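In the working numbering, the protein residues as written are 2 to 294. Even glycine gets a Cβ: it sits at the ideal position worked out from N, Cα and C. Since the structure is predicted, the reported quantities are computational estimates derived from the model, not experimental observations. I have placed the structure first, in the form of structure tokens, so that the comments after it can refer back to it.
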Amino acid sequence: MRKQVLTFAAAMLIGAPAVAQQNFDDVKITAQELEAGVSVLFGAGGNMAVSHGKDGTILIDDQFAPLTPKIEAAVTELGADPVHYVINTHWHGDHTGGNEHFGKQGAHIFAHENVRVRMGSDQMRGEQVIAASPEAALPVVTFERGVTLHLNGDTIDVLFIGGGHTDGDSIVRWREKNIVHMGDLYFKIPGWPYVDLNSGGDIENMLFSLDSAIAMMDSDTKVIPGHGPMSDRAELIAYRNAIGEAVTRVRALKDSGVTLEEAVAARPLDSFERGEGFINADRFIGFVWNSVD
Ligand SMILES: [Zn+2]
Numbered sequence: 002m003r004k005q006v007l008t009f010a011a012a013m014l015i016g017a018p019a020v021a022q023q024n025f026d027d028v029k030i031t032a033q034e035l036e037a038g039v040s041v042l043f044g045a046g047g048n049m050a051v052s053h054g055k056d057g058t059i060l061i062d063d064q065f066a067p068l069t070p071k072i073e074a075a076v077t078e079l080g081a082d083p084v085h086y087v088i089n090t091h092w093h094g095d096h097t098g099g100n101e102h103f104g105k106q107g108a109h110i111f112a113h114e115n116v117r118v119r120m121g122s123d124q125m126r127g128e129q130v131i132a133a134s135p136e137a138a139l140p141v142v143t144f145e146r147g148v149t150l151h152l153n154g155d156t157i158d159v160l161f162i163g164g165g166h167t168d169g170d171s172i173v174r175w176r177e178k179n180i181v182h183m184g185d186l187y188f189k190i191p192g193w194p195y196v197d198l199n200s201g202g203d204i205e206n207m208l209f210s211l212d213s214a215i216a217m218m219d220s221d222t223k224v225i226p227g228h229g230p231m232s233d234r235a236e237l238i239a240y241r242n243a244i245g246e247a248v249t250r251v252r253a254l255k256d257s258g259v260t261l262e263e264a265v266a267a268r269p270l271d272s273f274e275r276g277e278g279f280i281n282a283d284r285f286i287g288f289v290w291n292s293v294d
């Protein structure tokens, strides 16, 4: 049972083809209002945010394709118009699965340029090929550093800081409402971060992105993690510090001249209480090992 749960969680996170057979019938999309006109939506896959008002509806990430009708129903339930803009925090299938539908409906999809590049071509995940997405699913407005939307009285910054989870991670910040969607740079779930090395992920970049995001926040900032319940700056700082300390330990082992196998066997992360989740300590050690110089 435990193994099944983990496999399901893994499929939810990476949007692997195995998920095509996954049954989404029982998934409920739930909304939590953060400020007037901005809500977070939870379902299966990456957390979504909806920003709505007189100028139209903006959806940040769109989970898996089979959930699209439920996502649309949840948007309607908020009193929002149909989705006019989609922003993808990164290319992974549990954050972009609804793109094709929304793109065909006429929504304008925004993302970092590497999101379009990766979605537009076959990608490798270990031995597994993740096929290119159809044209309609691809972002049509791409950027290198960021873009700012002036809609519904909000100033919404979509910022590429430096990636880390992949090479195309954006955070989304509502300046006046003091809300930040972190995408998968931040997991508020058991286990360790996912550094997708095949997608240009890099632990040093992740730390840089986290530090820069934290510097934009204050103690009142509402922080939306890529996965898991709502959070705040204090929790994000604790997360960043745990990762930083873990990197220091793994780097010290690497510098000492041991092999990766020996480093894993030394169990350098056992004193952390991060629990068991999608990414366990052994796998994370490998990510760090292959990221640091
Ligand atoms: Zn991801």
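Taking its Cβ as the centre, do 16 or more other Cβ atoms sit within 10 Å of residue i, making it buried, or is it exposed?
{"i": "Lys-105", "result": "exposed"}
{"i": "Ala-108", "result": "buried"}
{"i": "Phe-279", "result": "buried"}
{"i": "Gln-129", "result": "exposed"}
{"i": "Pro-230", "result": "exposed"}
{"i": "Ala-239", "result": "exposed"}
{"i": "Asn-206", "result": "buried"}
{"i": "Pro-269", "result": "buried"}
{"i": "Thr-149", "result": "exposed"}
{"i": "Pro-140", "result": "buried"}
{"i": "Ala-74", "result": "exposed"}
{"i": "Lys-29", "result": "exposed"}
{"i": "Val-142", "result": "exposed"}
{"i": "His-151", "result": "exposed"}
{"i": "Asn-100", "result": "buried"}
{"i": "Gly-46", "result": "buried"}
Which of helix, strand or coil does DSSP assign to residue i?
{"i": "Ser-292", "result": "helix"}
{"i": "Ile-244", "result": "helix"}
{"i": "Ala-112", "result": "strand"}
{"i": "Lys-4", "result": "For Lys-4, the pLDDT reaches just 39, beneath the cut-off of 50, and the residue's location in the model is therefore unreliable, leaving the point undetermined."}
{"i": "Ile-280", "result": "coil"}
{"i": "Thr-58", "result": "strand"}
{"i": "Ile-131", "result": "strand"}
{"i": "Phe-65", "result": "coil"}
{"i": "Val-251", "result": "helix"}
{"i": "Leu-42", "result": "strand"}
{"i": "Glu-274", "result": "coil"}
{"i": "Ile-286", "result": "helix"}
{"i": "Ile-225", "result": "strand"}
{"i": "Met-120", "result": "helix"}
{"i": "Ala-50", "result": "strand"}
{"i": "Ser-200", "result": "helix"}
{"i": "Leu-139", "result": "coil"}
Please work out which residues of its chain come closer than 6 angstroms, Cβ to Cβ, to residue i, disregarding the five sequence neighbours upstream and downstream, and give them in chain order.
{"i": "Val-293", "result": "Arg-252"}
{"i": "Gly-54", "result": "Gly-38 and Asn-153"}
{"i": "Thr-31", "result": "Phe-43"}
{"i": "Ala-247", "result": "Leu-270"}
{"i": "Gln-124", "result": "Ile-131"}
{"i": "Lys-223", "result": "Leu-35 and Ile-180"}
{"i": "Arg-241", "result": "Leu-211"}
{"i": "Phe-285", "result": "Trp-193"}
With respect to the alpha helix (DSSP H) encompassing residue i, which residues constitute its N-terminal and C-terminal limits?
{"i": "Met-207", "result": "204 to 216"}
{"i": "Ile-30", "result": "Looking at the DSSP string, Ile-30 is not in any alpha helix (DSSP H), and its letter there is neither H nor E."}
{"i": "Gly-147", "result": "No alpha helix (DSSP H) holds Gly-147; the beta strand (DSSP E) holding it covers 147 to 152."}
{"i": "His-182", "result": "His-182 -> not in any alpha helix (DSSP H); beta strand (DSSP E) instead, spanning 180 to 182."}
{"i": "Lys-1", "result": "There is no way to answer for residue 1, as the model of the chain reaches only from 2 to 294."}
{"i": "Thr-167", "result": "Looking at the DSSP string, Thr-167 is not in any alpha helix (DSSP H), and its letter there is neither H nor E."}
{"i": "Asp-327", "result": "Past the edges of the chain, shown from 2 to 294, lies residue 327, and the structure says nothing about it."}
Between which two residues does the beta strand (DSSP E) carrying residue i extend?
{"i": "Thr-77", "result": "No beta strand (DSSP E) contains Thr-77, which is instead part of the alpha helix (DSSP H) from 69 to 78."}
{"i": "Arg-174", "result": "171 to 175"}
{"i": "Tyr-86", "result": "84 to 88"}
{"i": "Asp-158", "result": "155 to 161"}
{"i": "Leu-1", "result": "With the chain covering only 2 through 294, there is no way to say anything about residue 1."}
{"i": "Met-125", "result": "124 to 126"}
{"i": "Val-142", "result": "142 to 144"}
Return the chain-ordered list of same chain residues with a C-beta closer than 7 angstroms to the C-beta of residue i, the five sequence neighbours on each side being excluded.
{"i": "Pro-226", "result": "Asn-48, Met-183, Tyr-187, Phe-188, Lys-189 and Ser-232"}
Once the 5 residues before and after residue i are set aside, which same chain residues still bring their CB inside 8 angstroms of it?
{"i": "Gly-202", "result": "Gly-164, Gly-165, His-166, Thr-167, Asp-168, Tyr-195, Val-196, Phe-288 and Ser-292"}
{"i": "Asp-271", "result": "Ala-282"}
{"i": "Ala-243", "result": "Phe-273 and Arg-275"}
{"i": "Phe-103", "result": "Leu-60, Asp-63, Thr-69, Val-84, Val-87 and Ile-110"}
{"i": "Ala-66", "result": "Gly-98, Gly-99, Glu-101 and His-102"}
Would you check whether ligand 2 has a heavy atom nearer than 7 angstroms to the C-beta of residue i?
{"i": "His-109", "result": "Within the structure as shown, ligand 2 is missing, the only ligands being ligand 1."}
Query raised in the report: How do the segment 167 to 182 and the segment 45 to 63 stand: do at least 3 beta-carbon pairs fall below 8 angstroms, yes or no?
Result: yes
Query - Stretch pair the segment 189 to 207 + the segment 138 to 156: three plus CB contacts closer than 8 angstroms - result: no
Query raised in the report: Pairing CB atoms from the segment 255 to 262 with CB atoms from the segment 214 to 228, are three or more of them under 8 angstroms?
Result: no
Query raised in the report: Using 8 angstroms as the Cβ pair cut-off and three pairs as the minimum, do the segment 74 to 84 and the segment 114 to 128 touch?
Result: no
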